[in-house]
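Novice: First, the structure itself, so that you have it in front of you.
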Amino acid sequence: MGLAVRELSGGYGSVPVVRGATFHVDDGETVAVLGRNGSGKTTLLRGLMGLLPRCSGSVLLNDRPVDRASTHERARAGIAYVPQGRDIFSELTVEENLRLGHVLAGRRMSAPLPAELIGRFSWIPERLAQAGGTLSGGQQQMLAVMRMLIAGPQVLLLDEPTEGLAPAIIDELADLLADIVASEQMSILVVEQNVAFALRLARRGYIMDHGEIVAAGTATELTSDEMVDQYLSV
Ligand SMILES: Nc1ncnc2c1ncn2[C@@H]1O[C@H](COP(=O)(O)OP(=O)(O)O)[C@@H](O)[C@H]1O
Ligand SMILES: [Mg+2]
């Protein structure tokens, strides 16, 4: 159950960027993929979502293959992707941005918003009518994550959610996700350069380097001096 990926290779042209990635995220588990800038983390997630011009390998969601499915079908099947950067619609209101979570899950846009979830940050109910673009960078990132939590996926793919955020906001985001991990049966694959953040959520993970998964292990194993020196330090 969960997500199982075998020998995923893919990229943008004839030379694959990601090569032979094999890994899994169990049901309800949070797993980190760590790696330096340019190591292929975003390309890996794009491959999982069916967003690469070229891709091969198998992707199983709850033991069912989705690697031939369109991006839309994968989303309907329960894989949600929060891309790198602030992925919200600046012109739409906060409420409309959140309601897109319903649409992604195949529900009517007018379905009720889960009050408990959106009430987790006091600024959300207060700003439902405000344009998304007027929020701070940190709030926009929270909104992007919140929209996917409203979609209620089985597997949530997070691409460098902490990028460009202030440390206090990173803490808030980590708290939100830690609560979700504890309360929902959701699998999360978090791709990060921020090792401390990723390993606050995930007990184990993988390291990517030059498009390949070069190590797998527990948080302790992945943060050994040797690993950090070789693959993670900038
Ligand atoms: N749209 C693209 N077209 C061609 N090459 C790309 C594109 N996006 C990324 N790449 C290349 O793929 C490699 C991995 O990039 P990426 O997956 O974004 O790494 P990361 O997310 O780990 O920083 C880099 O060498 C990058 O130049
Ligand atoms: Mg990236």
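Taking the numbering used here, I'd label the letters of the sequence shown as residues 465 to 698.
Heads up, the beta-carbon is just placed ideally off N, CA and C, and yes, glycines get one too.
What three-state label does DSSP hand A615 in the structure shown?
Specialist: Of the three classes helix, strand and coil, the one that applies to A615 here is helix, per DSSP.
Novice: Going straight from the alpha carbon of V567 to that of M573, what length do you get?
Specialist: For V567 and M573, the distance between alpha carbons rounds to 6 Å.
Novice: Are there 16 or more other CB atoms within 10 angstroms of the CB of P529, so buried, or fewer, so exposed?
Specialist: Under this definition P529 is an exposed residue.
Novice: Identify, in the order they occur along the chain, each residue of the same chain with its Cβ nearer than 7 Å to the Cβ of R540, setting aside the five sequence neighbours on each side.
Specialist: Excluding positions up to five away in sequence, the list reads G570.
Novice: Could you have a look at T486 and say whether DSSP puts it in helix, strand or coil?
Specialist: Here T486 sits in strand by DSSP.
Novice: Going by other Cβ atoms of all chains shown within 10 Å of its Cβ, with 16 needed for buried, is P631 buried or exposed?
Specialist: Its Cβ having fewer than 16 others within 10 Å, P631 is exposed.
Novice: Check the C-beta distance from G653 over to R500 and give it rounded, since I have them as a contact under 8 Å.
Specialist: For clarity, residue 653 is Leu in the given sequence; the question names Gly instead. The pair is not a contact, with the Cβ atoms about 18 Å apart (cut-off 8 Å).
Novice: Since I believe G549 is in contact with E676 (beta carbons under 8 Å), could you give me their beta-carbon distance rounded to a whole number of angstroms?
Specialist: No, E676 and G549 are not in contact; Cβ-Cβ is about 25 Å, not under 8 Å.
Novice: Identify whether A593 lies in helix, strand or coil by the three-state DSSP scheme.
Specialist: Note: A593 maps to coil in three-state DSSP.
Novice: Closer than 6 Å: is that where the CB of V481 sits relative to any heavy atom of ligand 1?
Specialist: The answer is yes for V481.
Novice: Would V495 and A666 be called neighbours here (beta carbons separated by less than 7 Å)?
Specialist: Yes, these two residues count as a Cβ contact at 7 Å.
Novice: Determine the burial state of S647: buried for a count of at least 16 other Cβ atoms within 10 Å of its Cβ, exposed for fewer.
Specialist: That one is exposed.
Novice: Figure out for me which residue from E471, H536, I633 has the closest Cα to the Cα of L508.
Specialist: Measuring from the Cα of L508, the nearest candidate turns out to be E471.
Novice: By Cβ distance below 8 Å, which residues in the same chain neighbour T557 in space, the five residues on each side in sequence not counted?
Specialist: Around T557: L592, A593, Q594, A595, G596.
Novice: Out of V523, L516, I634, P480, state which residue places its alpha-carbon closest to the alpha-carbon of T486.
Specialist: Checked all of V523, L516, I634, P480; the closest Cα to T486 is V523.
Novice: Threshold first: 3 residues or longer. Then list the beta strand (DSSP E) segments lying entirely within the segment 608-669, N to C.
Specialist: For the segment 608-669, whole beta strand (DSSP E) runs of length 3 or above, ordered along the chain, are 619-623, 651-656.
Novice: Measuring alpha carbon to alpha carbon, tell me which of R664, D673, D693, V698 ends up nearest T682.
Specialist: Ranking the options by Cα distance to T682, first place goes to R664.
Novice: Going by C-alpha distance, which of E624, S651, D639 is nearest L498?
Specialist: The candidate whose alpha carbon is nearest that of L498 is E624.
Novice: Compute the Euclidean distance between the alpha carbons of G601 and E656, then round it to the nearest angstrom.
Specialist: Distance between the alpha carbons of G601 and E656 is about 18 Å.
Novice: Would you kindly work out how many angstroms separate the C-alpha atoms of L581 and I614, rounded to a whole number?
Specialist: Roughly 8 Å separates the two Cα atoms.
Novice: Using only alpha-carbon positions, find the residue among E636, L515, D639 that is nearest to Y545.
Specialist: When only C-alpha atoms are compared, the closest one is L515.
Novice: The beta strand (DSSP E) spanning P682 covers which residue range?
Specialist: It should be pointed out that residue 682 corresponds to Thr in this sequence rather than to Pro. 676-682 is the extent of the beta strand (DSSP E) around T682.
Novice: Looking at the unbroken beta strand (DSSP E) that takes in I582, where does it start and where does it end?
Specialist: Premise fails: I582 lies in the alpha helix (DSSP H), 579-582, not in any beta strand (DSSP E).
Novice: Helix, strand or coil: how does DSSP classify L524 here?
Specialist: Here L524 sits in strand by DSSP.
Novice: Are the beta-carbon atoms of C519 and G474 separated by less than 7 Å?
Specialist: It is a contact, given that the beta carbons lie within the stated cut-off.
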